[in-house]
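>
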Amino acid sequence: MDLSPALPIRLLIVDDDPQIRAMLAEYLATFGMEAEGAEGGTAMRAAMSKQEYDLVILDLSLPGENGL
8 MDLSPALPIR LLIVDDDPQI RAMLAEYLAT FGMEAEGAEG GTAMRAAMSK
58 QEYDLVILDL SLPGENGL
């Protein structure tokens, strides 16, 4: 059974740990999803000003700010 979406789902993964961002992006790519990473709130806001995302996966304990 093919679990890939009909259209690519665009995700933004926001986490200060680059290994977490890479692991999640690699895993989600196996389902046909396109993921980009951002290391914090400033990078997230910059990415979101340039691109629309279907889903944001956000670390709740970012340094200097929280994910809420």
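When we follow the working numbering, the leftmost residue of the sequence shown carries the number 8, and every step to the right adds one. Don't be surprised by glycine CBs; every beta carbon is placed ideally from N, CA and C. Please read all numbers here as calculations on a predicted model, not as lab measurements.
Counting beta carbon pairs with one atom in the segment 19-33 and one in the segment 63-71, are three or more of them shorter than 8 Å?
Three or more beta-carbon pairs separated by less than 8 Å link the segment 63-71 to the segment 19-33, which places the two stretches in contact.
> Considering only residues of the same chain and omitting the five flanking positions on each side of Glu-41, which have a CB-CB separation below 8 Å?
Pro-15, Ile-16, Arg-17 and Leu-18
> Assuming Arg-28 contacts Gly-44 under a Cβ cut-off of 8 Å, what Cβ separation, rounded to an integer in Å, is found between them?
4 Å
> Bridge partners of Ile-64, per DSSP?
Ile-20
> Can you say whether Met-30 is buried or exposed, counting buried as having 16 or more other CB atoms within 10 angstroms of its CB?
exposed
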